[in-house]
Structure formats: structure tokens, C-alpha cells
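Reviewing the structure listed below.
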Amino acid sequence: MNQKLKKLISAYDKDIDDDNNEEISKLNLNENNSKTKNKIRNKLILTLLYSSGIRVSELVSLLTKDIDLEDRTMRIRGKGDKDRVVLFDNNAKSLIKKIYDYSRI
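Here our numbering is used: position 102 in the sequence shown is 94, and no number is missing along the way.
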């Protein structure tokens, strides 16, 4: 990951190290902290855009049913209503799980 993007991603959450998924799992979900949720959401957005190469418009229209955490894939409907399968990395997977956990609280 280039340094400029890494700096931008880490600006949203200085407590979470990009290379350490354990840091993400240590966040306390029992605290209803909207700042923490927003930081994770923002970091997830940047991580998905960078790691998968999808367009912003594709990310905005992404539905939860289109995400397969087990295979680390997303079904994306792109330009011209064409579907394609896109992979994402383990960091994005951890962040998606964390967002799911927040939505269950």
C-alpha cells in the first residue's frame, strides 16, 4: 500500500493498525460509541475502494446480500448493469465483520 493512502486510512483511526487485525477485534462493542463506528465505516470504505478497485458508485449501491465473507467476494453491478465478482482482502473482511457486529447491538 502506498504511503499516502496508508496515511489517509490511518487518519480515520489511529488506534487501529492496518497490518494488525487483532487491534480491530479488541474494540469494545458494548460501548455505543458512534465515533468508533464511524471510524470503522470510513476505514472500511477506503479499504474496499483500494483493495478491490471498485468504483464509488458501485460501493454505494452494494447490498449486504452481495457480500460473501467466507470467500471474501462481492457481487458488483457495474456500468451497463453488468455483474462481476470482486475479491477483497482480510483487513476488509475484519472491518465488515465489525460493522455487522455494531448493527446487531
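Glycine is no exception: its CB is placed at the ideal position from the N, C-alpha and C atoms.
| Query | Result |
| --- | --- |
| Are I68 and E50 close, meaning C-beta to C-beta below 7 Å? | yes |
| Less than 6 Å separating the Cβ of L36 from some heavy atom of the ligand MN? | The ligand MN is absent from the structure shown, which contains no ligands of any kind. |
| For S53, tell me which candidate among R64, R96, K71 has the shortest Cα-Cα distance. | K71 |
| Identify, in the order they occur along the chain, each residue of the same chain with its Cβ nearer than 7 Å to the Cβ of L79, setting aside the five sequence neighbours on each side. | S44, R64, T65 |
| Measuring alpha carbon to alpha carbon, tell me which residue in Y42, K31, D58 is nearest Q(-5). | Y42 |
| Would you kindly work out how many angstroms separate the C-alpha atoms of R96 and T28, rounded to a whole number? | 15 Å |
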